[in-house]
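A.B. asks:
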Amino acid sequence: MAMTLDDFKNTFPVRIELPVQWGEMDAFNHVNNVTYFRYFESARIAYFEACGLFGRKEASGIGPILASTECKYRRPVNYPDRLLVGARIGELQRFGFVQHYGIFSQTQQALVTEGHGRIVLLDYNTNAKVEPDADLLARIAELEGQ
20 MAMTLDDFKN
30 TFPVRIELPV
40 QWGEMDAFNH
50 VNNVTYFRYF
60 ESARIAYFEA
70 CGLFGRKEAS
80 GIGPILASTE
90 CKYRRPVNYP
100 DRLLVGARIG
110 ELQRFGFVQH
120 YGIFSQTQQA
130 LVTEGHGRIV
140 LLDYNTNAKV
150 EPDADLLARI
160 AELEGQ
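First residue of the sequence shown? That's 20 in this note's numbering, and the numbers climb one at a time after it.
Set out below in structure tokens:
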């Protein structure tokens, strides 16, 4: 069964809306593959802002870093379109979490792209991985509706 807009909104607690820009198109007349990683990045940053991760880095030197990422292209996207890009935490890990992304095309009324990224928490003063503290875990649980 295809994902509806309501399904998308229920799946991704943090969502942003982005227009497809003409300059994001490639020679094959669809959004270039690398652009989707920028879309994911924008949703990732919105999620980090929503759970207060950026303020923590300034205060303690501890912040997120992207360790790996992957993208599954389901349907090509073309200009013009408006996209909803969503982020959610799918799995908590010892030193961070796996974040899942989805992109929903308003023109196609369909999920067009999925992806995930492994986020590690890093002490930028020592370059050592650190475990998420109880406050961060509580903020994530609140965002995720748990």
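Positions of the beta carbon are idealized from the N, C-alpha and C atoms, including for glycine.
1. Please go through the region 61-89 and give each complete beta strand (DSSP E) segment of 3 or more residues, from N-terminal end onward.
2. Just the C-alpha distance for T126 and G42, rounded to the nearest angstrom, thanks.
3. For F27, name the three-state secondary structure that DSSP assigns.
4. Who does Q40 pair with in a DSSP beta bridge?
5. Ends of the alpha helix (DSSP H) at E161?
6. Taking only three categories from DSSP, how would you classify Y58?
7. Evaluate the contact criterion for the region 137-148 versus the region 78-85: three or more CB pairs, one atom per stretch, below 8 Å.
C.D. replies: According to the structure data:
1. none
2. Numbered from its first residue, the sequence shown carries residue 126 at position 107. Numbered from its first residue, the sequence shown carries residue 42 at position 23. The alpha-carbon atoms of T126 and G42 are separated by roughly 18 Å.
3. Taking the sequence shown and counting its residues from 1, the one referred to as residue 27 is at position 8. In the structure shown, F27 sits in a helix (DSSP, three-state: H, G or I).
4. Counting from one through the sequence shown, the residue named residue 40 turns up at place 21. For Q40, which the question treats as bridged, DSSP gives no partner whatsoever.
5. Here residue 161 refers to the residue found at position 142 when the sequence shown is read from its first residue. Taken as a continuous stretch (DSSP letters only), the alpha helix (DSSP H) holding E161 covers 153-162.
6. By one-based count along the sequence shown, residue 58 stands at place 39. The answer is helix: DSSP assigns Y58 an H, G or I state.
7. yes
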